[in-house]
Structures are given as structure tokens and as C-alpha cells.
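Numbering-wise (the working numbering), the sequence shown opens with residue 8 and increments by one. Glycine is no exception: its CB is placed at the ideal position from the N, C-alpha and C atoms.
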Amino acid sequence: MEKIDNLDRKILNIIMRNARIPSKDIAVDCGVSRAAIHQRIARLVELGVIVGSGYQVDLHKLGLNTCTYVGVRLERGSMYRDVVQELEKIPEVVECHYTTGPYSMLIKVIAADTQDLMELLNNKIQNIAGVVETETLISLEQSINREIQIKMVPGKRGRHTI
Numbered sequence: 008m009e010k011i012d013n014l015d016r017k018i019l020n021i022i023m024r025n026a027r028i029p030s031k032d033i034a035v036d037c038g039v040s041r042a043a044i045h046q047r048i049a050r051l052v053e054l055g056v057i058v059g060s061g062y063q064v065d066l067h068k069l070g071l072n073t074c075t076y077v078g079v080r081l082e083r084g085s086m087y088r089d090v091v092q093e094l095e096k097i098p099e100v101v102e103c104h105y106t107t108g109p110y111s112m113l114i115k116v117i118a119a120d121t122q123d124l125m126e127l128l129n130n131k132i133q134n135i136a137g138v139v140e141t142e143t144l145i146s147l148e149q150s151i152n153r154e155i156q157i158k159m160v161p162g163k164r165g166r167h168t169i
């Protein structure tokens with residue numbers, strides 16, 4: 008695995024807070040040249056540390072008001088990959104996790120309202136082969152939405168493994 012240092016970590020923390028920040032501002036904050044920032048970001052992309060970029064969209068302004076977490080129990084855990092392939096066909100499913108505990112999977116679904124959610128559950132998700140039970144948890148409000156802070160390695164100047 009390629010190594011990253013504290014400068015890389017500082018750059019990551021800055022761009023995770025604001026992906027649209029100009030590289031000149033990152034350079035000033037980090038005390039290096041703009042060229043160094045461009046090179047570092049390009050290397051982090053090449054390493055697969057940075058895997059995307061984009062904008063956050065207020066889904067409520069688009070009429071998508073219901074965020075729901077759905078616990079899914081499978082007939083057999085080995086059916087996970089097949090069920091994931093079917094869930095990928097449902098655009099309202101925005102996250103899927105293979106989990107331990109009472110559910111085989113935990114998925115996040117975005118719907119217009121509870122009627123839309125009921126249609127998704129009854130006509131799509133629960134009709135997937137291998138799905139034997141679902142339990143829904145509707146989010147009433149999202150209070151925190153952030154990226155994790157990447158910790159600096161104290162007292163080290165050289166490169167460190169990711």
C-alpha cells in the first residue's frame with residue numbers, strides 16, 4: 008500500500024469539508040505551493056484514496072421527503088450478492104450494507120412520501136427472491152451529516168501507510 012503523510016491527511020480533511028475549495032486556498036492553509044496541492048490530490052486520486060467528488064443536493068427541495076433504513080432478512084446469507092444485484096436496479100435504494108446482528112442487510116431508501124415507500128417495499132424490495140422479511144425505520148430528521156476527521160500522526164514527518 009502506498010504511503011501518505013500528514014500533509015496528505017491535512018489536504019484530505021480540507022477537501023472533505025468543501026470539495027469546491029480553490030487549490031490556492033488549500034495551498035495557503037497547508038503552507039505549500041498550488042502545484043504541490045495539485046500533485047498531492049492527483050496522487051491521492053490515483054491511489055484510490057479519493058474516489059469521487061460531487062455536490063450535496065437538498066432532496067427535500069426535489070420532493071424526496073422520506074429517508075428510511077430498511078433491515079432486510081435473507082433466506083440464506085449466501086444470497087446476499089444476488090439480492091444486491093436486484094437492489095441495484097431500484098434507484099431509490101441509495102446504500103446497502105451486509106451486516107451482523109438481526110438483519111442480513113441494512114439498506115437506505117429515499118422516497119417521496121410514505122405511500123411511495125410502501126410501494127417500494129411491497130412491490131419491489133419484498134418481491135426480491137431471498138428476501139424473507141423487512142423492518143423499516145423512518146428517519147424523522149438528520150441531525151449530523153459529515154465525513155470522518157482524518158487524524159494526523161503525531162511527531163512523524165515522513166510518509167506513513169494509509
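Inter-residue CB distance, residue i and residue j (contact presumed, cutoff 8 Å)
| i | j | result |
| --- | --- | --- |
| leucine 19 | isoleucine 155 | With a Cβ gap of about 10 Å, leucine 19 and isoleucine 155 do not count as contacting. |
| valine 139 | glutamate 82 | 5 Å |
| valine 64 | isoleucine 135 | Contact doesn't hold; Cβ gap of about 27 Å is too wide. |
| alanine 34 | serine 60 | With a Cβ gap of about 18 Å, alanine 34 and serine 60 do not count as contacting. |
Secondary structure of residue i, DSSP reduced to three states
| i | result |
| --- | --- |
| arginine 47 | helix |
| leucine 81 | strand |
| leucine 144 | strand |
| glutamate 102 | strand |
| lysine 68 | helix |
For residue i, the first and last residue of its enclosing alpha helix (DSSP H)
| i | result |
| --- | --- |
| methionine 125 | 121-130 |
| glutamate 93 | 87-94 |
| lysine 31 | 30-37 |
| asparagine 20 | 13-24 |
Straight-line Cα distance separating residue j from residue i
| i | j | result |
| --- | --- | --- |
| glutamate 126 | isoleucine 145 | 15 Å |
| glutamate 142 | glycine 78 | 5 Å |
| glycine 137 | glycine 70 | 31 Å |
| leucine 128 | glutamine 122 | 10 Å |
| asparagine 13 | arginine 24 | 17 Å |
Segment limits, beta strand (DSSP E) that includes residue i
| i | result |
| --- | --- |
| lysine 115 | 112-118 |
Inset, instruction - Take every Cβ of the stretch 97-116, pair it with every Cβ of the stretch 43-55, and state whether three or more of those distances are shorter than 8 Å. - result: Too few Cβ pairs lie closer than 8 Å, so no.
Inset, instruction - Would you be able to state if there are at least three C-beta pairs under 8 Å between the stretch 145-152 and the stretch 70-90? - result: yes
Inset, instruction - Could you tell me whether the stretch 92-102 touches the stretch 48-60, where touching means 3 or more Cβ pairs closer than 8 Å? - result: The answer is no - the stretch 48-60 does not touch the stretch 92-102, with fewer than three Cβ pairs under 8 Å.
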